[in-house]
Structures are given as structure tokens and as C-alpha cells.
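One structure is given here, and the rest of the page talks about it.
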Amino acid sequence: MDISWGRRVDVVVPATDSELVSLVGPAFADMAGIAIRDSDGSGQRVVINRVRASALSDLELRVLLRHEITHVATRDLTSDSAPLWLVEGFADWVAFHDTGLSLRQAAPLLRSDVSVLPVDFGGSGRDLAYQQAYSIMVYLESRLGERGVVDFFLRHASLSSVDPSVVDVAGWREFLKTSIG
């Protein structure tokens with residue numbers, strides 16, 4: 001990747017729930033992990049929810065850490081208004097790379113009847129939105145190759161908005177039909 005970062009990531013595992021909330025805020029305290037940056041933009045770290053993370057397998061923990069570390073590594077290249085399907089999909093694409101998991105295994109909630117790019121990354125639709133975003137990156141890899149996915153991310157992540165037509169939704173839908181059945 002053509003990403004310049006310090007290649008150092010602090011991982012913090014708060015000892016108490018109140019310490020976790022003080023670091024990530026109440027809105028994010030239920031997540032297994034999150035990449036955060038100091039309010040002045042200086043320090044970045046990954047904060048792990050010890051309770052949620054303790055329930056993860058070694059593979060799931062590896063995927064979680066790779067996902068959050070990708071956010072740290074790409075933070076300076078990513079616009080705050082970049083679409084979440086791009087930011088989260090790319091982080092999952094990196095995280096699942098070389099795990100040996102099929103798309104169906106990595107994203108069991110996927111269905112092939114998608115009609116639009118994922119937008120609901122909160123509430124009850126969060127898991128499906130993440131899996132759809134990941135599947136977009138897998139679809140792009142099938143068309144562009146690994147380097148092409150990285151180039152796609154670098155080309156679009158710094159923009160304040162991304163035209164949804166950059167992804168052929170019909171092609172993505174067909175890809176899902178053949179990939180997940």
C-alpha cells in the first residue's frame with residue numbers, strides 16, 4: 001500500500017467499563033474495538049472492549065485488530081465525510097485478507113437482493129452494512145485485482161463525497177448471486 005504512517009499502534013484494553021466509556025464515549029462502548037484519535041489529532045490508538053473481545057476466537061480477534069489498525073494506518077488519507085461503505089469495507093477487506101475465509105463465511109448475513117450501497121452502519125442493521133461493504137471490496141478485487149482495490153480506496157477515500165455510481169451495483173448484485181448463492 002502507498003500509505004505513510006508511523007507503523008506503530010497502541011492497543012489499550014481498559015480495566016473497567018467506566019474507563020472504556022471515558023476513552024470511547026457511551027455510543028461506542030458496546031463495540032468490541034474502535035480506533036480513536038486524540039481531539040487534537042495527535043495520538044491514535046485502538047481501544048478494545050475486554051468483555052466483548054474475550055468472547056472472540058483467535059481468528060476473530062485478529063480480524064478485529066487488523067480492521068482497527070487499518071483505520072489508524074489510513075486515517076490521514078481518509079476524509080471525515082468519506083462514505084462508510086468505503087472506509088469500513090476497505091478496513092474489513094484488509095482484515096479478512098489471507099484468512100482463508102470465503103465471502104459466505106466472512107459475511108454470513110449477505111443476501112444477493114441488494115439494491116443500493118450500504119448506508120445504515122448503526123443500530124440493528126450495522127452487521128449487515130459492514131458485511132455488504134466488505135463484499136463490495138471483494139467484488140472490486142474480482143474486477144480490479146488487489147492493487148486495484150488499494151488504488152480505488154486511495155483515489156476515493158480523501159474525497160468529501162463519492163458518487164455512488166463508482167460501484168456498478170448491478171454487477172455487485174450479480175457477483176453476490178454467484179458468490180453466495
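1 is the number of the first residue of the sequence shown in the UniProt record's numbering; add one for each residue after it.
Note that the Cβ used here is the ideal one computed from N, Cα and C, for glycine as well.
Asked                                                                                                                             : Found
Closest by C-alpha distance to Leu84, when choosing among Leu110, Gly145, Val47 and Ile136                                        : Ile136
Ser158 beta carbon less than 7 Å from that of Ser79                                                                               : yes
The region 117-135 touching the region 45-62, judged by at least three CB pairs closer than 8 Å                                   : no
Thr16 versus Ala29: straight-line alpha-carbon distance, rounded                                                                  : 11 Å
Euclidean distance between Cα positions of Gly43 and Lys177                                                                       : 42 Å
Given Ala32 as reference, the closest of Asp76, Pro118, Val13 and Ser18 once Cα atoms are compared                                : Val13
Delimiting residues of the alpha helix (DSSP H) encompassing Gly171                                                               : Val169 to Ile180
Range covered by the alpha helix (DSSP H) that runs through Val149                                                                : Arg126 to His156
Residue burial classification, Gly25 (beta-carbon count within 10 angstroms, cutoff 16)                                           : exposed
Gly89 beta carbon less than 7 Å from that of Tyr134                                                                               : yes
Closest by C-alpha distance to Phe121, when choosing among Leu103, Val87 and Leu140                                               : Val87
Gly33 - partner residues in DSSP beta bridges                                                                                     : Ile48
Contact check, His156 vs Val162, beta carbons under 7 Å                                                                           : yes
Separation of Ile36 from Ser22, as counted between CA atoms                                                                       : 12 Å
Contacts around Leu117, its chain only, beta-carbon distance under 6 Å, and the 5 residues preceding and following it disregarded : Trp85 and Pro164
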